[in-house]
Amino acid sequence: LLSRAGTPGRRTDWDTVRGLGADLLVVAPCGYPLSRTADELARAPAHPLGDLHPARGVWLADEAFFSRPGPRLLEGVELLSDLLSGTGRPRRAYENRARPAYRTPLFMNRVPSRRAR
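Position one of the sequence shown corresponds to residue 1 (the UniProt record's numbering), numbered consecutively onward.
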């Protein structure tokens, strides 16, 4: 949604992301494993995901699923399929490589739950 096929990725800001109105948001910054993405978001003075509540959730994922050609790219497609399916969660093989942002201890005290809205 943020770039065109065959063009390099580009930086964006959270206001642009909010404006997309996406059903699902997967945060997987290029070059950041899952743990670093979670750490960087936890350090933000104002949590950038705090007011984002797409219908299918906000997920943090390892960038290896989306940034490099190879077998992981196919796994990234499978992960997206899982998140967009009726279960809305990744299969067991990907549990340690993706997690819901709002159910992670790093965010529990910083992001309002969907029930609290």
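Glycine is no exception: its CB is placed at the ideal position from the N, C-alpha and C atoms. Since the structure is predicted, the reported quantities are computational estimates derived from the model, not experimental observations.
Spatial distance of residue i from residue j (CA atoms)
i, j, result
"H53", "F65", "23 Å"
"S81", "R4", "21 Å"
"V111", "R91", "Note that V111 scores a pLDDT of 39, beneath 50, so its modelled location is shaky; the value from the coordinates is reported in the next line. Approximately 25 Å between the Cα atoms of the pair."
"G57", "P69", "26 Å"
"D39", "P8", "25 Å"
"P71", "R18", "31 Å"
Boundaries of the beta strand (DSSP E) in which residue i is found, first to last residue
i, result
"L25", "25 to 27"
"R99", "98 to 100"
Buried/exposed call for residue i, threshold 16 Cβ in 10 Å
i, result
"residue 146", "No statement about residue 146 is possible, as the shown extent of the chain runs from 1 to 117 and does not include it."
"V27", "buried"
Start-to-end residues for the alpha helix (DSSP H) that takes in residue i
i, result
"G19", "14 to 20"
Three-state secondary structure (DSSP) of residue i
i, result
"S3", "coil"
"G76", "helix"
"S81", "helix"
Problem set entry | Completely contained beta strand (DSSP E) runs for the region 28 to 72, where each covers 3 or more residues | DSSP runs (the beta strand (DSSP E)) wholly in the region 28 to 72: 58 to 61.
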